[in-house]
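Chemist:
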Amino acid sequence: MSASGENAEKRVTAAVLVIGDEILSGRTQDTNLNAIAKFVAAHGVDLAEARVVPDVAAEIVAALNALRSRYDYVFTTGGIGPTHDDITADCVAAAFGLPLHEHPEIMAQMRARWGEEPNAARRRMARVPEGGTLVKNPETGPPGFQIGNVFVLAGVPRIMQGMLTDIGWRLQGGAVVVSKTLKVEGAGESLIAGPLRAVAEAHPELTLGSYPFFGGADGYGSNLVIRGRDPAEVERVMSELIEALRAAGIERLTPVEA
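Here my numbering is used: the first residue of the sequence shown is 217, the next is one more, and so on.
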């Protein structure tokens with residue numbers, strides 16, 4: 217259960233577009249979304265939406281255009297390899313209405329790495345929309361690229377995370393979101409809901425969420441999370457929430473690290 221929203225005035229947003237049939241088929245488990253969400257949060261950017269699309273050009277272009285027009289930044293993962301179904305660069309170029317070209321820096325890197333002229337498959341990985349800037353890849357393989365507010369990254373988690381190290385300086389984020397967590401034991405969400413809603417409605421500039429747990433040494437209950445951009449306000453609302461829960465007869469309350 218989640219209630220309320222955050223101050224839109226200071227909010228900088230991002231979306232992730234995960235590209236690949238292998239994700240939708242269940243053959244490959246995506247872990248990039250979690251890594252990107254944590255990365256952008258540390259830079260004062262809220263991950264506001266994520267989509268997964270197949271290796272179908274029309275769907276990739278449509279999703280990318282929708283996301284880049286709605287959010288400040290878009291991260292794509294997957295589809296920049298050497299095979300026929302790696303069509304992300306083509307789709308990004310189509311979305312922006314730009315031609316693709318073989319980036320001379322990538323071509324030089326390939327020649328230096330393999331000591332020969334890259335073959336046709338490898339040359340596919342050197343294609344970047346005209347005007348795009350490279351995103352360094354400290355791992356193996358060619359770099360990603362940025363065009364406008366879109367960052368095009370690899371799908372392999374280790375390589376994608378390496379590319380993120382060249383993106384932080386490019387982001388113009390807002391205030392970093394802070395959070396506080398209150399562990400409530402021995403009370404179900406039906407008991408928590410009333411006090412939580414009252415506090416959430418009194419503070420629409422914050423986000424309050426309830427995340428239940430069951431079983432194990434802790435029995436059952438919920439972790440109540442307060443998120444906002446003003447640490448002092450988050451702290452005050454945490455105290456207010458504790459008072460509201462105690463007034464409702466709920467006593468097993470423990471503030472924990474978020």
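Cβ atoms here follow ideal geometry from the backbone N, Cα and C, with glycine treated the same way. Please read these numbers as outputs of a predicted model, since none were measured by experiment.
1. CA-CA distance, L398 and A305?
2. If you follow the alpha helix (DSSP H) that D237 is part of, which residue opens it and which one closes it?
3. Grouping DSSP H, G and I as helix and E and B as strand, with all else coil, what is G261?
4. To the nearest angstrom, how far is the alpha carbon of G221 from that of V228?
5. Using alpha carbons as the reference points, say which of V272, E421 and R339 lies closest to E297.
6. Evaluate contact between the stretch 388-403 and the stretch 255-267, counting only Cβ atoms and requiring at least three cross-stretch pairs below 8 Å.
7. Return the CA-CA distance between G360 and L369, expressed in angstroms with no decimal places.
8. Do you know offhand how far S395's Cα is from L422's?
9. Pair every Cβ in the stretch 269-289 with every Cβ in the stretch 407-419, then say whether three or more of these pairs are closer than 8 Å.
10. Within 10 angstroms of its Cβ, does V450 collect 16 or more other Cβ (buried), or is it exposed?
11. Less than 8 Å separating the beta-carbons of M379 and V351?
12. Report buried or exposed for V308, applying the criterion of at least 16 other Cβ atoms within 10 angstroms of its Cβ.
13. So, for G347: in the same chain, excluding its five sequence neighbours on each side, which residues have a beta-carbon less than 7 Å away from its beta-carbon?
14. Going straight from the alpha carbon of I466 to that of A403, what length do you get?
15. Taking Cβ positions, are E196 and R327 nearer each other than 8 Å?
16. What's the C-alpha gap between F312 and R445?
17. If you reduce the DSSP assignment to three classes, tell me which class G360 lands in.
18. So, using beta-carbon positions, are L407 and A463 closer together than 8 Å?
19. Thinking just about the alpha-carbon of each residue, which of E456, V344 and E401 is nearest to the one in A433?
20. Out of V269, P354, S438 and A264, point me to the one whose CA is closest to D246's CA.
21. Express the C-alpha separation of G431 and N365 in angstroms, rounding to a whole number.
22. Where L440 and A336 are concerned, what is the direct C-alpha to C-alpha distance, given to the nearest angstrom?
23. Using three-state DSSP, classify I442 as helix, strand or coil.
24. If you drop the 5 nearest sequence neighbours on each side, which residues of the same chain put their C-beta closer than 6 Å to that of G384?
25. In the DSSP assignment, the alpha helix (DSSP H) including L412 goes from what residue to what residue?
26. Assign P320 to buried or exposed, taking buried as 16 or more other Cβ atoms, counted over all protein chains shown, within 10 Å of its Cβ.
Modeler: In short, the structure shows the following:
1. 45 Å
2. D237 to L240
3. First, the amino acid is wrong: residue 261 is Val here, not Gly. Three-state DSSP puts V261 in coil, outside helix and strand.
4. Interpretation of G221 is limited by its pLDDT of 43, a score under 50 that renders its predicted location unreliable; the figure taken from the coordinates is listed afterwards. The alpha-carbon atoms of G221 and V228 are separated by roughly 14 Å.
5. Here the sequence assigns Gly to residue 297, which means Glu is not the residue at that position. Looking at the Cα atoms, R339 is the closest of the given residues.
6. yes
7. 5 Å
8. 10 Å
9. no
10. buried
11. yes
12. buried
13. L314 and I363
14. 7 Å
15. Any answer about residue 196 is impossible in this case: the structure gives the chain only from 217 up to 474.
16. 34 Å
17. strand
18. no
19. E401
20. V269
21. 44 Å
22. 54 Å
23. strand
24. H259
25. E405 to A418
26. exposed
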